[in-house]
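Worksheet: the structure to be examined is printed underneath.
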Amino acid sequence: MSVEVPIAQLFDELERWGTGYLLTVSEGERPHLLALRPEAVDQRRVIRFDAGGGRACGNAASRPSVTVLFPPTPHSDGMSLVVDGTATVDGDIVEVTPTWAVLHRRAP
Numbered sequence: 002m003s004v005e006v007p008i009a010q011l012f013d014e015l016e017r018w019g020t021g022y023l024l025t026v027s028e029g030e031r032p033h034l035l036a037l038r039p040e041a042v043d044q045r046r047v048i049r050f051d052a053g054g055g056r057a058c059g060n061a062a063s064r065p066s067v068t069v070l071f072p073p074t075p076h077s078d079g080m081s082l083v084v085d086g087t088a089t090v091d092g093d094i095v096e097v098t099p100t101w102a103v104l105h106r107r108a109p
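Reminder that position 25 of the sequence shown reads as 26 in the working numbering, one-by-one numbering, no gaps.
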């Protein structure tokens, strides 16, 4: 089951989700996952991660199509929040501009 989340509403929701997983892809097309607590920058409509440099930053700089996954929390009725977006990198900071978001859970 999936429920699309309008981008305009996404930033009102992010604070409740906690840790997100930034998924990037390496040059060899291997997935890379980084668990961080992002900051929503509402006035700019981006999700900001302090990724500490490293693989996530390199991957996002070279291949900016990324996904952020927020696993189910007690408030989410078993649903995960999945956000696709375009990343920009500035030093250790990865900012994701969301292009699509969905609440998702496995069908019963």
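Backbone N, C-alpha and C define an ideal beta-carbon position, used for all residues, glycine too.
Residue range of the unbroken alpha helix (DSSP H) whose run includes residue i
i: arginine 56; result: 55-63
i: alanine 9; result: 8-14
Residue i burial status per 10 Å Cβ neighbour count (16 or more: buried)
i: threonine 20; result: exposed
i: glycine 86; result: buried
i: valine 95; result: buried
Residue i - containing beta strand (DSSP E), residue span
i: leucine 86; result: Reading off the sequence shown, one finds glycine at residue 86, where the question assumed leucine. From DSSP, the beta strand (DSSP E) with glycine 86 extends over 81-91.
i: threonine 68; result: 66-71
i: proline 32; result: 32-37
Given residue i as reference, the closest of the options once Cα atoms are compared
i: valine 90; options: Glu30, Glu14, Val67 and Glu16; result: Val67
i: arginine 106; options: Ser63, Leu23, Ser27 and Pro73; result: Pro73
i: serine 27; options: Val83, Met80 and Arg56; result: Arg56
i: leucine 37; options: Leu23, Glu30 and Val47; result: Leu23
Distance between residue j and residue i (C-alpha atoms, nearest Å)
i: glutamate 14; j: alanine 102; result: 11 Å
i: phenylalanine 12; j: glycine 53; result: 23 Å
i: serine 63; j: valine 6; result: 27 Å
i: glutamate 40; j: proline 32; result: 23 Å
i: glutamate 83; j: glycine 92; result: Correcting the residue identity first, residue 83 is valine in this sequence and not glutamate. Taking the straight line from one Cα to the other gives about 25 Å.
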